[in-house]
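Residue numbers (my numbering): 1 to 147.
All C-beta atoms in this analysis are idealised placements derived from N, C-alpha and C, irrespective of residue type, glycine included.
All remarks here apply to the structure that follows.
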Ligand SMILES: [Zn+2]
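Right, here's the structure in full:
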């Protein structure tokens with residue numbers, strides 16, 4: 001898949017992941033955005049919440065393996081691919097932490113969307129994670145009916 005690519009998130013999908021972040025507060029939430037690649041664009045079609053099984057879920061996230069396998073199965077059946085990794089920061093800005101960089105299992109293949117709940121409405125930013133740094137990724141929140 002191409003990277004850098006532009007992540008496009010329809011409002012309805014966006015609201016789903018914000019709801020998940022709020023529900024799991026004060027723990028970090030984690031999940032995956034699934035969809036399809038179209039040239040340099042990645043269209044998020046569905047958000048799949050994952051279970052955070054980190055020892056201290058208020059400071060870390062670690063996706064439960066069983067829920068991850070179930071999500072991958074659902075994606076295969078729908079012809080979707082992962083287009084972004086999602087997690088929340090309950091109290092800190094939506095900027096990758098040192099842990100996020102160290103624990104990034106996806107390399108530079110997928111962008112990371114971070115929801116910060118330290119203010120209301122939540123702040124969302126999207127990043128490419130490189131081994132030793134992170135750079136902002138292109139993304140669009142798509143408004144409009146029926147998306
Ligand atoms: Zn983080």
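If you draw a 10 Å sphere on the C-beta of residue 144, you find fewer than 16 other C-beta atoms in it, and that means exposed. Here residue 11 has 141, 142, 143, 144 and 147 as same chain residues with Cβ atoms under 8 angstroms from its own Cβ, once five neighbours each way along the sequence are excluded. Put simply, of 120, 122 and 108 the residue whose alpha carbon is nearest the alpha carbon of residue 137 is 108. Taking the Cα positions, residue 125 is about 7 angstroms away from residue 115. Below 8 angstroms, enough C-beta pairs join the region 72 to 82 and the region 30 to 45 to call them touching: three or more. Per DSSP, the beta-bridge partners of residue 8 are 43 and 140. Residue 139 and residue 117 have their C-alpha atoms some 19 angstroms from each other. Non-local C-beta neighbours of residue 43 in its own chain, meaning closer than 6 angstroms and more than five positions away in sequence, comprise 8, 35 and 36, ordered along the chain.
Listed by position in the chain, the residues whose beta carbon lies within less than 5 angstroms of some heavy atom of ligand 1 are 97 and 100.
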